[in-house]
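Take a look at the structure set out below.
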Amino acid sequence: MLHGKETHQFHTRLLRTSLALEESRAYWEHLRIDIPKEKLAVVAFEERWFGSKSMARVRSLLVEFGHRFAAYPLNLEILRHWRPSNPTTRQNICHWHLQLTDPMYRNFTGVFLEQRRQQPNPNIDRDIVARWVTQQLESEWSAATTLRMATGLIAASADAGLCSENSGKRQLKYPKITDEALAYWLYFLHHLSFAGTLINNPYFHSVGLNESFLEQRLRNLPGISFNRMGELYDVGWQYADLKTWAREFLGLKLESDHDG
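Residue numbers for the sequence shown follow the working numbering, beginning at 137 and rising by one.
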């Protein structure tokens with residue numbers, strides 16, 4: 137049974153909401169299933185989920201998180217109960233969920249940045265990224281909008297740990313990946329419709345988990361067994377699916393266990 141699919145429809149929501157690490161954490165921590173959808177923005181604003189942000193900004197965040205998280209109900213249920221305390225785990229998860237739901241960010245981080253890394257001094261700046269953005273567009277944008285998108289892509293990538301946080305030339309780097317974030321995403325991909333394979337995809341490429349590096353992690357990852365002979369590989373799943381992993385490995389009690 138599949139639990140959704142990655143987004144392929146082009147959009148520009150990154151112009152309004154970046155990786156939003158702290159806001160995502162607040163969303164997971166405060167969201168309750170008893171809040172009617174039509175009252176969600178009012179409750180979030182009155183309870184100051186996102187601090188002193190305006191009602192307009194609260195609405196914008198909730199719309200975006202609806203795409204990134206609520207569109208995948210099982211994931212959202214797990215994140216609400218898990219509330220990972222490790223900031224690196226949260227960084228990994230937010231990066232992958234943004235990739236999942238934004239094809240431009242997925243292509244930028246999983247393909248273009250990997251191409252840039254092949255250069256002797258791998259870096260990016262706003263002009264380099266703006267040229268790449270222009271090449272991705274089916275219609276012509278104004279220079280100002282193109283630069284805004286370039287800035288947005290760089291900012292989100294920096295927050296995800298993919299490049300340095302200084303202004304100007306950004307040196308490319310890779311973030312740390314925690315075992316729990318990696319296992320979460322592997323169990324999710326196992327029942328997701330997406331382009332690529334379990335060990336060859338933009339999600340893992342973007343964070344430096346290519347071929348031998350990923351294999352090394354998989355051989356030592358709790359909840360997974362991994363063997364490879366030539367081009368053939370075999371993944372053994374200790375848990376039946378993401379929900380079972382969350383319940384048994386993380387020790388979560390989920391509402392959906394009691395449905396029906």
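The beta-carbon is built from N, C-alpha and C at its ideal position, and this holds for glycine as well.
Got a sec, what are the start and stop residues for the beta strand (DSSP E) residue i sits in?
i, result
"residue 373", "368 to 373"
"residue 363", "360 to 365"
Measuring only the C-alpha atoms, how far is residue i from residue j?
i, j, result
"residue 233", "residue 347", "22 Å"
"residue 337", "residue 221", "27 Å"
"residue 250", "residue 238", "17 Å"
"residue 181", "residue 198", "11 Å"
"residue 142", "residue 312", "24 Å"
"residue 370", "residue 150", "37 Å"
"residue 175", "residue 241", "30 Å"
"residue 159", "residue 231", "13 Å"
"residue 207", "residue 172", "16 Å"
"residue 268", "residue 292", "16 Å"
"residue 317", "residue 257", "29 Å"
Please classify residue i as buried or exposed, where buried requires at least 16 neighbouring CB atoms within 10 angstroms.
i, result
"residue 329", "exposed"
"residue 192", "exposed"
"residue 225", "buried"
"residue 146", "exposed"
"residue 169", "exposed"
"residue 379", "buried"
"residue 297", "buried"
"residue 396", "Residue placement at residue 396 cannot be trusted, given a pLDDT of 43 that sits under 50; what the coordinates show is reported in the next sentence. Under this definition residue 396 is an exposed residue."
"residue 204", "buried"
"residue 355", "exposed"
"residue 282", "buried"
"residue 235", "buried"
"residue 227", "buried"
Where do the ends of the alpha helix (DSSP H) carrying residue i lie?
i, result
"residue 196", "191 to 201"
"residue 211", "209 to 218"
"residue 295", "279 to 295"
"residue 118", "The structure shown does not extend to residue 118, since the chain is modelled only from 137 through 396, so no value can be given for it."
"residue 315", "315 to 325"
"residue 164", "157 to 166"
"residue 245", "Run containing residue 245: none; DSSP gives neither H nor E here."
"residue 298", "Per DSSP, residue 298 belongs to no alpha helix (DSSP H) and is neither H nor E."
Assuming residue i and residue j form a contact by the criterion Cβ under 8 Å, report the distance between their Cβ atoms to the nearest whole angstrom.
i, j, result
"residue 294", "residue 300", "7 Å"
"residue 388", "residue 214", "7 Å"
"residue 246", "residue 339", "7 Å"
"residue 216", "residue 167", "6 Å"
Any heavy atom of the ligand ADP closer than 7 Å to the beta-carbon of residue i?
i, result
"residue 392", "The ligand content of the structure shown is nil, which means the ligand ADP is not present either."
Could you check what DSSP says for residue i in three-state terms: helix, strand or coil?
i, result
"residue 143", "coil"
"residue 333", "strand"
"residue 252", "helix"
"residue 259", "strand"
"residue 306", "strand"
"residue 150", "helix"
"residue 396", "Unreliable positioning characterises residue 396 in this predicted model, as indicated by a pLDDT of 43, which lies under 50. A coordinate reading is not provided."
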